[in-house]
Structure formats: structure tokens, C-alpha cells
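Notes to accompany the following structure.
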Amino acid sequence: MGNEVMMIQRIAVSVLALSLFCSPASAQLFGPSDEEKAREAFQTNGVRDLQGVTQQQDVRIKGLEDKVQGLTQSLSQATGANEELGHQIQIQNDKIDKMQKDFAYRLCTLSAQQLGAGDSMNCAAAGTASAGAAVAPQPYSQMRPGDPLPPIGAVGGGGTIDATGNVTSGFTDAPPANLSPRGRPPGTLGTLPAGPGGGASLNGSLAGPPADTAQYDQAMNLMGRAQYDEASAAFRAYADANPGDTDLAPQAIYWVANISFIHQDYAPAARTFAEVIKKYPKSARAPDAMLKLAQS
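The structure is reproduced here in C-alpha cells:
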């Protein structure tokens with residue numbers, strides 16, 4: 554009986570050992586199990602998903618880089634266009650400044666001709682000359698013909714003109730007593746001497762009584778001192794009071810229009826230039842008024 558039990562134990566041990574030995578061999582013979590296959594498939598799918606996400610991120614990053622590059626180029630182009638526009642504006646401002654200085658010079662020259670001042674008015678300081686070339690003002694008694702006068706916008710001796718046109722004189726002494734007023738003598742320009750055949754004006758019409766030109770001369774003096782508002786009012790008053798003066802009335806209306814043109818009030822300037830052409834078409838100022846009307 555004891556031998557049979559031992560025999561059974563030996564057989565069981567042998568079967569167990571044989572099963573353990575054959576398990577790896579069967580695995581190699583029949584391939585991986587379903588669990589291993591599932592594990593490998595899961596790992597493979599996870600790697601593929603990770604690669605797909607990475608590729609999508611790369612595409613998005615590339616798109617963002619392209620957008621940033623496009624914005625950078627647009628900003629660079631806008632900056633260049635802005636600089637070019639600023640340069641063009643500066644050129645136009647320089648041209649406008651030169652035109653204003655040239656116009657101020659021409660206006661000063663015409664004023665000097667009307668006042669009979671000749672070269673004594675410093676028109677270069679009013680227009681084309683630089684501010685650094687201006688000469689310090691001198692007292693009246695020390696001024697000689699040909700000495701520069703204060704530029705438009707200021708008076709000599711440190712005097713000033715405020716926004717309302719009032720002059721604060723800065724001369725150190727009073728004008729000489731023998732200083733004669735400039736301008737033409739009253740009643741001589743534009744009329745013919747009285748007598749047979751001498752009562753006609755330059756336009757061929759009968760001349761009226763000689764007008765008092767003191768108001769016109771005062772207006773010219775105001776304009777020469779750059780008191781444009783007061784000069785405009787004086788010119789208008791003279792033209793309204795002396796419509797029959799075919800010589801000075803159109804001149805006065807022209808200067809009213811010209812002062813508006815200087816102040817860049819182009820609509821009133823155009824109307825006043827047209828008034829010169831309409832009321833006095835044969836006057837010497839009619840061609841100038843027509844030209845300025847086109848510029849207004």
C-alpha cells in the first residue's frame with residue numbers, strides 16, 4: 554500500500570513538471586495570446602494618436618508663424634507708407650510756406666509802390682529773407698532812406714501788434730516834425746486838369762468832384778503797418794463813400810479782397826474780386842482781380 558502511494562506521487566510530480574516544460578513551448582508554437590495582442594494593439598493605437606496630435610500641433614504652429622510673418626510685413630509696409638506720406642506732407646508744407654513768403658513779399662512791394670516808400674520798406678524781412686537776417690529796429694531820428702523797416706507783424710523799437718490790430722509803439726523817440734506823409738497828393742492821380750476837354754476821366758466818362766484821398770492814404774498806411782483788419786475797413790469805407798472815383802475805388806476794393814485772401818478767407822475774397830471786375834471792368838486792377846479770382 555505504501556508503495557502505491559509513492560508511485561502516485563511520482564507520477565503527479567512528473568505530470569506537473571512536464572506541463573511546466575511544455576507551456577513555453579506551446580506559447581512559442583501557437584503565437585501570442587489574445588491579451589498580448591490586445592496590449593500591443595492598444596500601445597500601437599496610442600502611439601498613432603500621439604503622432605496625429607503632434608502633426609496637428611505642428612500645422613497650427615506653422616499657420617500662426619505664417620500669420621505673424623504676414624502681419625510683420627504689413628506693419629513694415631504701413632510704416633514705409635506713413636514715412637513717405639509724412640515726407641510728402643513736409644514737402645507740401647515747405648511749398649506753402651514759400652508761397653506765403655513770396656506773397657507777403659509781393660504784397661509788401663505793392664504797398665511800398667502805393668506809398669511811394671521805394672526801397673525804404675524792408676520787404677525782404679516780410680517775405681523771402683530769413684528771420685535771422687532781420688536788423689534790429691532803430692529810433693525814428695536815426696533811420697535813413699534804405700534802412701530796413703520792421704517786418705510785417707511787428708513794429709520798430711520792440712513794439713508789437715496785438716490780435717485786434719492795435720499797435721504798441723516801441724520807438725525811442727517821436728517821428729521828426731518834418732516827416733511828410735507818403736502817398737500821392739490828393740486829387741492828382743487818375744484825373745485830368747480842369748479846362749476845355751479836361752473834365753473827362755481816363756475811362757472816358759465825366760469825372761466827378763475830386764475825392765478826399767486822406768482816408769485812402771490812411772488805409773495804405775495801416776496796411777503798411779500790417780494792421781490788416783483796420784486797413785480793410787478803411788478801404789471799404791473809402792470805396793463805399795467814393796464809388797465815382799474810378800481810380801482809387803477799384804484799388805480800395807481790390808485791397809479788401811487781397812486782405813481776405815491773405816487771411817485765407819477765400820469765399821469773401823472771391824466775391825470782392827468779382828466786385829472789382831463787375832463795377833470797374835476797365836480799371837487797371839480788373840486783370841489782377843480776375844487772376845486772383847481764379848486763385849480763390
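In this text, residue positions in the sequence shown follow the numbering used here: the first is 554, and each later residue adds one.
Idealized CB from N, CA, C, for every residue including glycine.
Keep in mind that this is a model prediction, so the values were computed, not measured.
Query raised in the report: Who are the Cβ neighbours of M843 in its own chain at under 7 Å, not counting the five residues just before and after it?
Result: I830
Would you identify the three-state DSSP class for P739, choosing helix, strand or coil? Bear in mind that a pLDDT of 42 at P739, under 50, signals an unreliable position, so the number given afterwards is only what the model happens to contain. Coil, per DSSP.
Buried or exposed (CB count within 10 angstroms, at least 16 for buried), Q645: exposed
Q) In its own chain, which residues sit with a C-beta less than 8 Å from the C-beta of Q768, not counting the 5 before and 5 after it? A) A787, A790, Y791, A794
Look up Q596 in the DSSP assignment and say whether it is helix, strand or coil. helix
| Do the CB positions of I812 and A784 come within less than 9 Å of each other? | yes
- prompt: In chain order, what residues of the same chain have a beta carbon less than 6 Å from the beta carbon of P834, not counting five sequence neighbours either side?
  reply: none
| Where does K590 sit, in a helix, a strand or coil, going by DSSP? | helix
Task: Under the three-state DSSP convention, the category D647 falls into - done: helix
Q.
Less than 9 Å between the C-beta atoms of A847 and E828, yes or no?
A. no
Same chain, Cβ closer than 7 Å to S849, five either side skipped, listed in chain order | F814, Y819, A822, A823, F826
Which listed residue (Q817, Q626, T799) has its alpha carbon closest to that of A837: T799
Would you call R778 buried or exposed, if buried means 16 or more other Cβ atoms sit within 10 Å of its Cβ? buried
*Taking the continuous alpha helix (DSSP H) assigned at Q771, which residues delimit it?*
767-777
**Q.** Helix, strand or coil at R838 according to DSSP, with G and I counted as helix
**A.** coil
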